[in-house]
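Shown next, in structure tokens, is the structure this report addresses.
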Amino acid sequence: MLRLRLLLAALLVFGSEIIFWADPLSRPPTEWLLTLAGYLALAAVLLDLADCARIADLPGLMTLAGLYSLGAALVIWPNSAFADVPRTLVTRVMGAHTLLATLMLLAFLGLTRRRRQTQALTLAGCALIGLFWGLWMQEWPALAEFPPRPFTSAWLLAAAVLLVIILLAGLPLRRADPPPESTEPPRLRLSLIGWLLVASVLIVLAAFRYLRGEFRADDLPLVALLALICAALLYFRRRATGRSLIDPLSRREQPPTRALLLGTGLLLFSALLTAALPPPCLGSTAFVTLVGLGFTAYGLSWLPLVSLIVGLRGALRQLEGRRL
15 MLRLRLLLAA LLVFGSEIIF WADPLSRPPT EWLLTLAGYL ALAAVLLDLA DCARIADLPG
75 LMTLAGLYSL GAALVIWPNS AFADVPRTLV TRVMGAHTLL ATLMLLAFLG LTRRRRQTQA
135 LTLAGCALIG LFWGLWMQEW PALAEFPPRP FTSAWLLAAA VLLVIILLAG LPLRRADPPP
195 ESTEPPRLRL SLIGWLLVAS VLIVLAAFRY LRGEFRADDL PLVALLALIC AALLYFRRRA
255 TGRSLIDPLS RREQPPTRAL LLGTGLLLFS ALLTAALPPP CLGSTAFVTL VGLGFTAYGL
315 SWLPLVSLIV GLRGALRQLE GRRL
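Each number in the working numbering comes from the position in the sequence shown (counting from 1) with 14 added on.
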């Protein structure tokens with residue numbers, strides 16, 4: 015369903031453009047059209063892959079987030095991703111953007127489930143993200159050498175994106191689920207025409223970025239290798255049956271508007287609160303440096319960790335079947 019793809023795309027925009035802050039206010043309107051097309055195409059691919067592999071756990075979400083970040087590095091923000099390879103590939107692509115994309119995928123689940131526990135975790139996550147964002151915005155734009163802008167402009171842009179998310183998440187599903195005997199494919203699985211359209215958009219965007227000199231051909235082998243590892247992890251952990259990421263989306267019910275508004279209010283209020291406070295530091299080490307070290311640690315560790323988990327699960331299945 016297009017609305018759900020738009021919802022995930024809006025969340026990815028919020029994570030990569032607003033929370034991490036890629037200075038979205040400097041993009042001209044024509045480039046924003048290309049950027050939004052890239053986010054929507056990547057969101058459609060993620061939901062298709064989630065359904066194909068029947069992703070239902072955190073390692074699967076982390077792997078999906080890694081694939082998104084590698085794709086977005088080529089078609090949306092290559093200047094940032096490949097500014098200083100391999101450092102920025104680890105800290106920004108595999109680190110910051112992958113972590114934020116994982117959080118946005120979790121938020122997607124929270125916005126499409128009506129379970130009280132899920133909603134409570136989502137509200138807590140909104141408050142924590144707001145606290146982080148208010149502190150991050152005090153030091154990151156200057157460190158990244160972005161043009162100085164008043165925090166109110168970033169706050170208003172964040173509010174606008176959150177409003178889009180509320181509208182997309184709060185609308186009821188209008189399409190009934192197919193009957194059990196129906197042969198209709200899952201509604202978030204891309205058709206052949208859909209795949210051709212999505213692939214065309216991503217190829218055109220990548221070619222556009224390459225021709226503008228935003229990344230080099232030398233950057234492609236490493237990106238392709240990391241993407242191949244992520245795809246292999248999804249393939250080897252795929253399941254034919256069981257819960258998946260999109261199972262909750264078959265329900266007609268959506269989270270109440272009150273919860274959506276409360277989460278938005280918590281995020282913006284906590285961001286404004288920490289924006290007025292001096293950022294913490296460890297001795298002479300600034301807050302943004304500490305966060306950068308955390309992003310680096312995450313970027314170096316999550317892929318080996320997920321690989322280890324997948325390998326252990328495979329070994330346990332072999333032991334259970336007495337085939338090892």
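Note that the Cβ used here is the ideal one computed from N, Cα and C, for glycine as well.
Do residue j and residue i have their beta-carbon atoms positioned less than 7 Å apart in this structure?
i, j, result
"P34", "L114", "One point to set straight first is that residue 34 is Phe, not Pro, in the sequence displayed. Against a cut-off of 7 Å, the Cβ pair of L114 and F34 comes out as a contact."
"C295", "G80", "no"
"V175", "F28", "yes"
"T310", "T102", "no"
"V320", "R251", "no"
"Q152", "P38", "no"
"G11", "G109", "An answer regarding residue 11 cannot be provided, because it is not within the stretch 15 to 338 covered by the chain."
"L48", "G144", "no"
"A67", "V212", "no"
"L21", "L181", "no"
"T303", "G148", "no"
"T44", "S83", "no"
"A231", "I32", "no"
"L239", "G52", "no"
"M76", "W316", "yes"
Report all residues from its chain with a CB closer than 6 Å to the CB of residue i; omit the five preceding and five following residues, and keep chain order.
i, result
"A87", "A95 and V107"
"G328", "none"
"L216", "A55 and V89"
"F122", "L22 and L25"
"A285", "G144, W147 and G148"
"G85", "L56"
"R253", "R68"
"W150", "none"
"I179", "A24"
"C140", "G277, L280 and L281"
Leaving out five residues on either side along the sequence, give the residues of the same chain with a beta carbon under 7 Å from the beta carbon of residue i.
i, result
"L78", "L60, L63, A64, I69 and L119"
"A36", "S30, W91 and S94"
"P318", "none"
"R339", "Past the boundaries of the shown model lies residue 339; the chain is included only from 15 to 338, so the question cannot be answered."
"L242", "none"
"L135", "G124"
"A290", "none"
Using a Cβ-Cβ cutoff of less than 8 Å, which residues in the same chain neighbour residue i once the five nearest sequence positions on both sides are dropped?
i, result
"P100", "L236"
"E195", "Confidence in E195 is poor, its pLDDT being 49 and thus under 50, which makes the residue's placement unreliable; the coordinate value appears in the next sentence. Nothing listed; no residue qualifies."
"A156", "P162"
"R188", "The pLDDT assigned to R188 is 47, lower than 50, so where the model puts this residue is not dependable; a value taken from the coordinates is nonetheless given after this. No residues qualify anywhere along the chain."
"L137", "A273, L276, G277 and L280"
"A300", "E153 and P293"
"R223", "L88, V89, P92 and F229"
"G306", "T105"
"S40", "F160 and P161"
"R203", "D62, D65 and C66"
"T197", "Per-residue confidence for T197 stands at a pLDDT of 46, beneath the threshold of 50, marking its modelled position as unreliable; no derived number is given."
Starting from residue i and walking both ways along the alpha helix (DSSP H), at which residues does that stretch end?
i, result
"L39", "Taken as a continuous stretch (DSSP letters only), L39 belongs to no alpha helix (DSSP H), as it is neither H nor E."
"S315", "F301 to E334"
"R19", "L16 to V27"
"S30", "Taken as a continuous stretch (DSSP letters only), S30 belongs to no alpha helix (DSSP H), as it is neither H nor E."
"A1", "A query on residue 1 cannot be resolved here, the shown segment of the chain reaching from 15 to 338 and no further."
"I207", "L206 to L225"
"A238", "L234 to F250"
Any beta carbon of chain C sitting closer than 7 Å to that of residue i?
i, result
"W35", "As a matter of chain content, chain C is missing from the structure shown, which is built from one protein chain."
Problem set entry | Runs of alpha helix (DSSP H) wholly within the region 81-123 (minimum 4 residues, chain order) | 92-95
For this session: Could you tell me whether the region 270-280 touches the region 160-170, where touching means 3 or more Cβ pairs closer than 8 Å?
Result: no
For this session: Would you mind listing the beta strand (DSSP E) stretches within the region 266-296 that are 3+ residues and don't spill past its ends, in chain order?
Result: none
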